[in-house]
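Chains as they are written, first to last, in this note's numbering: chain D, 121 to 232; chain A, 9 to 122.
Here a beta-carbon is modelled for each residue, glycine too, at the ideal position from N, C-alpha and C.
See structure below.
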């Protein structure tokens, strides 16, 4: 079964550093998403991406965050200057439209 | 804004028991509802997807129902096994706005005791 692949599985970074989280969505999917889950809390929507542009973003997705699809297969989330409160599990997902999503296994980001 | 609630927050049952997990949502204008399983520290595994026009979906020992008008869904697990122990998340995709995002509940943590 096709999978969404995320790398790395765990990243530790110092506060103020930039991080890039990487995702390879399912190849025939056109809609891409990032969600995050702070430990013990709900999974929260960050951003959706379609046709090479952001289609929707939440209030969490401020100027510190950016997304990019640099080539035909990768989808990245960049956090420019990490804060302690950015520590969370970040999930990438992809879908074909208004059906279900397929989620990746996540990247655990720890900011120290 | 869509609010999704899951009851109970935690559930512990002996192996072999049938059980029901509940999910309620405040805005009935939805595209679909998806149930996920999450093992500790792991990703989200899709279990069942119910489109807004459907009443239920089944996969093996799992059956999910949807009552859109009352804003409720249930996940029925038959003959529970220790391997079913995990957190079960309900997520709803709403028609408002661009309809892009899922709203998640806080989950039900299930423990099946051998």
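- Taking C-beta atoms under 8 Å as the contact rule, residue 40 of chain A and residue 59 of chain A qualify, at a distance of about 5 Å.
- Look at residue 118 of chain A here: in three-state DSSP terms it is strand.
- A distance below 7 Å between beta-carbons, with the five flanking residues on each side excluded, links residue 76 of chain A to the following residues of its chain, in chain order: 36, 38, 60.
- Chain D has a Cβ within less than 7 Å of the Cβ of residue 57 of chain A.
- Taking a C-beta cut-off of 9 Å against chain D, the contacting residues of the stretch 108-122 of chain A are 108, 109, 110, 111, 112, 113, 114, 115, listed in chain order.
- A residue is called buried when at least 16 other Cβ atoms come within 10 angstroms of its Cβ; residue 134 of chain D does not meet this threshold and is exposed.
- Considering only beta carbons, the part of the stretch 25-39 of chain A lying closer than 9 Å to chain D consists of 39, in chain order.
- Residue 222 of chain D reaches chain A at 54, counting residues in chain order whose Cβ is nearer than 7 Å.
- When the Cα atoms are used, residue 203 of chain D and residue 159 of chain D turn out to be separated by approximately 15 Å.
- Counting along the chain, residue 22 of chain A sits inside the beta strand (DSSP E) bounded by residues 18-22.
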